[in-house]
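Quick notes on the structure that follows.
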Amino acid sequence: MLQATATTTATPEDLFRHLVVPEAWGAWCKLPIPAKQGRKGDTSAYGVGTVRKLWPAVEQTVVYEPYGHYAYIALSGLPVRRYRCDVYLEARDNGTHLRWKAEFEPLVPGTGPLLRVWFRLVVSSLTRWLPAHTEHCPPDCPARSAGDI
C-alpha cells in the first residue's frame, strides 16, 4: 500500500467536488489529454458506478461518501491488477486533512518495485496538485459548473 497526506485550507466539500467530477481532473491533474465522464453513476451523476476516462486509464467510482471518502478502481489502461485508490477528507480547524491511499498488484512478475516507485510518485503528486488547485480554483473550472454532486 502507498499513501500520501496533505493539509490544505480548502474545504472538504470543494476537494470532494474536484475528485468526483471527471472533467475537473483535467483542470488540476496535469494530464496530456482531458479527462471525461464515460458513464454516470448508478444513482447520481457522479456517485458509485461513475466511469471516467483519465488517460491512460479507465476508472470507476466504488465509494462515494460526501465529503469524507471517495474511492475508485482501474478498469483498464494500467499495467496492474486490482488497482484501487481511497481518498479520505477530514475537516480541520482551518481546512482539510487529505489522505490518499493506493493499492495494486503488478500485472507482470518482477515489475513490483518499479511500479511502486512510479505509483508513489503519482499518489504524492495528486496529493499536492489537488489542494494547490482547489485553494485557487478559477471560475471556469469544471468542478464549479458541475451542478449537484
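Throughout, this note's numbering is defined as the position within the sequence shown, counted from one, plus 1. For glycine and all other residues, C-beta sits at the position ideal for the given N, C-alpha and C. Treat the numbers as computed from the prediction; the structure is a model and nothing was measured.
Discussion item. Three or more C-beta pairs under 8 Å: does that hold for the stretch 85 to 93 against the stretch 45 to 57?
Written reply: At 8 Å Cβ cutoff, the stretches do not touch.
Item to complete: Give the secondary structure of residue 141 by DSSP, where H, G and I count as helix, E and B as strand, and everything else as coil.
Response: What you label residue 141 is simply residue 140 of the sequence shown in a count that begins at 1. Reduced to three states, the DSSP call for residue 141 is coil.
Discussion item. Relative to the C-alpha of residue 99, which candidate in 108, 128, 15 has its C-alpha closest?
Written reply: As a working mapping, residue 99 is identified with position 98 in the sequence shown. Of 108, 128, 15, the smallest CA-CA separation from residue 99 is found for 128.
Worksheet entry | Three-state class that DSSP yields for residue 15 in the structure shown | The sequence position of residue 15 within the sequence shown is 14, counting from 1. In the structure shown, residue 15 adopts helical secondary structure according to DSSP, grouped into three states.
Worksheet entry | Anticipated Cβ contact below 8 Å, residue 3 with residue 121, distance rounded | The sequence position of residue 3 within the sequence shown is 2, counting from 1. The sequence position of residue 121 within the sequence shown is 120, counting from 1. Going by Cβ atoms, the distance from residue 3 to residue 121 rounds to 5 Å, so yes, they are a contact pair.
Practice prompt. Could you tell me whether the stretch 93 to 107 touches the stretch 20 to 34, where touching means 3 or more Cβ pairs closer than 8 Å?
Written response: Put simply, the stretch 93 to 107 does not touch the stretch 20 to 34. Fewer than three CB pairs are less than 8 Å apart.
Item to complete: In angstroms with no decimal places, state the Cα-to-Cα distance between residue 142 and residue 43.
Response: In the sequence shown, residue 142 corresponds to position 141, counting from 1. In the sequence shown, residue 43 corresponds to position 42, counting from 1. Distance between the alpha carbons of residue 142 and residue 43: 25 Å.
Worksheet item: Below 8 Å between beta carbons: does that hold for residue 65 and residue 49?
Response: Position 64 of the sequence shown holds residue 65. Position 48 of the sequence shown holds residue 49. Yes; because the gap between Cβ atoms is below 8 Å, this pair is in contact.
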